[in-house]
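Following the UniProt record's numbering, the residues of the sequence shown are numbered contiguously, the last one being 357. Every residue gets a Cβ at the ideal spot worked out from N, C-alpha and C, and that includes glycine.
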Amino acid sequence: MKKHNYSAGPCILPQEVFEKSAQAVLNFNNSGLSILEISHRSKDFVAVMDEARALVLELLGLEGKGYQALFLQGGASLEFLMVPNNLMKVNGKAAYLDTGTWANNAIKEAKLFGETLIVASSKEENYSHIPKEFTIPVDADYFHCTSNNTIFGTQMKSFPKTNVPVVCDMSSDIFSRSLDFSQFDLIYAGAQKNMGAAGTTLVVVKEEILGKSGRAIPSILDYEKHIKAESMYNTPAVFAVYTCLLTLQWLKNQGGIPTIEKINEAKAALLYNEIDRNPLFIGTANVEDRSNMNATFLLVNPEHQETFDKMWKEAGISGLPGHRSVGGYRASMYNALPLESVQVLVDVMKKLEEVII
Ligand code: PMP
1 MKKHNYSAGP
11 CILPQEVFEK
21 SAQAVLNFNN
31 SGLSILEISH
41 RSKDFVAVMD
51 EARALVLELL
61 GLEGKGYQAL
71 FLQGGASLEF
81 LMVPNNLMKV
91 NGKAAYLDTG
101 TWANNAIKEA
111 KLFGETLIVA
121 SSKEENYSHI
131 PKEFTIPVDA
141 DYFHCTSNNT
151 IFGTQMKSFP
161 KTNVPVVCDM
171 SSDIFSRSLD
181 FSQFDLIYAG
191 AQKNMGAAGT
201 TLVVVKEEIL
211 GKSGRAIPSI
221 LDYEKHIKAE
231 SMYNTPAVFA
241 VYTCLLTLQW
251 LKNQGGIPTI
261 EKINEAKAAL
271 LYNEIDRNPL
281 FIGTANVEDR
291 SNMNATFLLV
301 NPEHQETFDK
311 MWKEAGISGL
321 PGHRSVGGYR
331 ASMYNALPLE
341 SVQVLVDVMK
351 KLEEVII
């Protein structure tokens with residue numbers, strides 16, 4: 001039976017990425033060797049790393065603009081501390097926007113390094129919206145925000161104009177929509193949503209912001225060392241990086257971000273229209289801040305849960321329950337999820353209405 005995978009991450013990737021990466025495990029580039037057994041310094045893998053790094057900058061429109069792309073490890077969670085370690089000056093301060101659990105985790109790590117100012121927070125309203133009125137101090141070393149809040153289903157539709165470097169955690173919406181990516185000085189994202197297998201983290205950084213913190217930075221946490229080593233300071237996550245390359249190639253062949261953005265908008269519109277139309281469901285995020293990647297919603301009457309759960313499971317849907325900290329439902333509609341899968345979910349929601357009402 002065809003599966004419709006709504007998992008929040010790791011999540012669905014393009015079918016051709018599954019097929020090509022499976023083939024590479026058996027015989028990589030017709031070398032007679034598995035990608036799992038070759039040296040990361042081999043010509044074939046260095047070519048993978050180089051192409052993946054170049055494709056990232058090409059797809060984001062950042063080529064020739066002073067940025068470097070790195071494939072690191074430790075997840076987005078390690079970036080929570082690498083960012084302050086590299087960017088927060090000794091006795092300096094950083095400004096953070098608190099829009100959810102992950103933003104909060106980033107704040108916790110930054111506090112270990114110095115003054116961490118929360119410029120605004122939607123915590124009191126259970127992170128159902130993105131705060132819009134806030135001021136970023138002109139003397140902050142950087143401003144940090146989370147473009148898409150995977151757990152609460154909210155997404156920043158615009159970003160503040162500021163003279164301080166802007167750092168953005170794009171773990172759950174990277175490569176999903178067109179933005180002027182040059183407004184960011186550092187972008188990071190765990191691979192396991194729109195990019196590839198879990199195990200590597202993309203960091204895109206404008207080189208000119210580095211080397212100014214005056215702090216001792218352990219080598220493995222130092223962006224400058226990773227840049228100098230061309231993202232091979234230590235053994236990279238070879239297989240995960242390869243899956244990223246395959247996904248980036250797939251995205252480019254689709255027409256890049258502008259094409260996938262239109263499909264993502266169509267998927268989100270289809271589902272949110274049903275959530276708003278169907279009297280049995282209610283969305284949890286403020287309409288203007290709704291995420292096109294993670295749609296969070298509840299059953300108005302929790303008594304219908306058993307019936308609804310049985311129906312979507314029978315339709316081949318998986319990964320629909322909300323994050324364990326918030327409950328309800330969360331439909332994650334990452335780049336590789338086809339529109340047809342969203343139609344299957346919408347049809348189940350309509351069918352529930354027929355059964356109940
Ligand atoms: N930031 C965001 C927005 C996320 O969604 C996640 C994971 N779901 C993280 C950070 C943490 O990522 P990791 O597990 O790669 O450390």
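What do you reckon, are the CB atoms on Ala69 and Val204 nearer than 7 Å?
-> Walking along the sequence shown from the start, residue 69 turns up at place 69. Walking along the sequence shown from the start, residue 204 turns up at place 204. Yes. Within cutoff.
Roughly how many whole angstroms lie between the Cα atoms of Lys157 and Leu26?
-> For the purposes of this step, residue 157 is taken as the residue at position 157 of the sequence shown. For the purposes of this step, residue 26 is taken as the residue at position 26 of the sequence shown. Lys157 and Leu26: Cα-Cα distance of roughly 43 Å.
Answer yes or no: do Asn5 and Ser318 have a C-beta to C-beta separation smaller than 7 Å?
-> As a first step, residue 5 is located in the sequence shown; it is residue number 5 there, counting from the start. As a first step, residue 318 is located in the sequence shown; it is residue number 318 there, counting from the start. The answer is yes: Cβ separation under 7 Å.
Taking Glu79 as the reference, which of Glu207, Asp98, Glu109 and Asn91 has the closest Cα?
-> Mapped onto the sequence shown, residue 79 falls at position 79. Considering only alpha carbons, the answer is Glu109.
Classify Asn104 as helix, strand or coil using the three-state DSSP reduction.
-> Counted from its first residue, the sequence shown places residue 104 at position 104. Helix, per DSSP.
Could you pull the start and end residues of the alpha helix (DSSP H) that Phe45 belongs to?
-> If you number the sequence shown from 1, residue 45 lands on position 45. That run of the alpha helix (DSSP H) goes Lys43 to Leu60.
Whole-angstrom distance between Ile174 and Ala54, CA atom to CA atom | What you label residue 54 is simply residue 54 of the sequence shown in a count that begins at 1. What you label residue 174 is simply residue 174 of the sequence shown in a count that begins at 1. Going by the C-alpha atoms only, they are around 16 Å apart.
beta-carbon Asp173 near the ligand PMP non-hydrogen atom, thresh 6 Å = The count along the sequence shown starts at 1 and reaches residue 173 at position 173. No, Cβ of Asp173 sits at least 6 Å from all heavy atoms of the ligand PMP.
For Trp250, is the beta carbon positioned less than 6 Å from some heavy atom of the ligand PMP?
-> Counting from 1 along the sequence shown, the entry for residue 250 is found at position 250. No, since every heavy atom of the ligand PMP falls outside the 6 Å radius drawn around the Cβ of Trp250.
Go ahead and pull the three-state DSSP assignment for Gln192.
-> As a working mapping, residue 192 is identified with position 192 in the sequence shown. In the structure shown, Gln192 sits in coil (DSSP, three-state: anything other than H, G, I, E or B).
Which term fits Thr247, buried or exposed, when burial requires 16 or more other beta carbons within 10 angstroms of its beta carbon?
-> Here residue 247 refers to the residue found at position 247 when the sequence shown is read from its first residue. When all chains shown are included, Thr247 counts as buried.
Got a sec? Which residues, its chain only, sit under 7 Å from Ile357 by beta carbon, not counting five neighbours each side?
-> As a working mapping, residue 357 is identified with position 357 in the sequence shown. Nothing meets the Cβ criterion.
Run through DSSP, which three-state label would Asp276 get?
-> Within the sequence shown, residue 276 is the residue found at index 276, counting from 1. Three-state DSSP puts Asp276 in a helix.
With burial defined as no fewer than 16 other Cβ atoms inside 10 Å of the residue's Cβ, what is the status of Asn85: buried or exposed?
-> The residue given as residue 85 occupies position 85 in the sequence shown. Buried: at least 16 other Cβ atoms inside 10 Å.
Taking the continuous alpha helix (DSSP H) assigned at Gln343, which residues delimit it?
-> Sequence index remark: in the sequence shown, residue 343 carries index 343 (1-based). Per DSSP, Gln343 belongs to the alpha helix (DSSP H) from Leu339 to Ile356.
Is Asn294 closer than 7 Å to Gly196 when the C-beta atoms are compared?
-> Looking up residue 196 in the sequence shown gives position 196. Looking up residue 294 in the sequence shown gives position 294. No, they are not a contact pair.
Thinking just about the alpha-carbon of each residue, which of Gly74, Leu245 and Lys111 is nearest to the one in Glu89?
-> Stepping through the sequence shown from its first residue, residue 89 is reached at position 89. First, the residue type needs correcting, since residue 89 is Lys and not Glu in the sequence shown. The residue with the shortest Cα to Cα distance from Lys89 is Lys111.
Could you tell me whether any non-hydrogen atom of the ligand PMP is closer than 6 Å to the CB of Thr296?
-> In the sequence shown, the residue the question calls residue 296 occupies position 296. For the ligand PMP, not one heavy atom lies less than 6 Å from the Cβ of Thr296.
Buried or exposed: where does residue 363 fall if 16 or more other Cβ atoms within 10 Å of its Cβ makes it buried?
-> Any question about residue 363 goes unanswered here, given that the chain covers just 1 to 357.
Under three-state DSSP, which class holds residue 361?
-> Residue 361 lies beyond the residue range present for the chain, which begins at 1 and ends at 357; the question has no answer from this structure.
Check the DSSP bridge columns for Glu115 and list the partner residues they point to.
-> Start at 1 with the first residue of the sequence shown, and residue 115 comes out as number 115. In DSSP, Glu115 forms a bridge with Lys93.
Other residues of its chain near Ala268: CB distance less than 6 Å, five sequence neighbours each side excluded = Locating residue 268 in the sequence shown gives position 268, where the first residue counts as 1. For Ala268, where only same-chain residues beyond five positions count, the Cβ hits under 6 Å are Asn292.
In the structure shown, what three-state DSSP assignment does Val83 receive?
-> By 1-based counting over the sequence shown, the position of residue 83 is 83. Reduced to three states, the DSSP call for Val83 is helix.
Take Ile275 and list the residues in its own chain whose beta-carbon comes closer than 6 Å to its own, dropping the five residues that flank it on each side.
-> By one-based count along the sequence shown, residue 275 stands at place 275. The answer, listed in chain order, is Phe281, Gly283 and Phe297.
Range covered by the alpha helix (DSSP H) that runs through Tyr223 = Along the sequence shown, read from residue 1 onward, the residue named residue 223 stands at position 223. Note, Tyr223: alpha helix (DSSP H), Tyr223 to Lys228.
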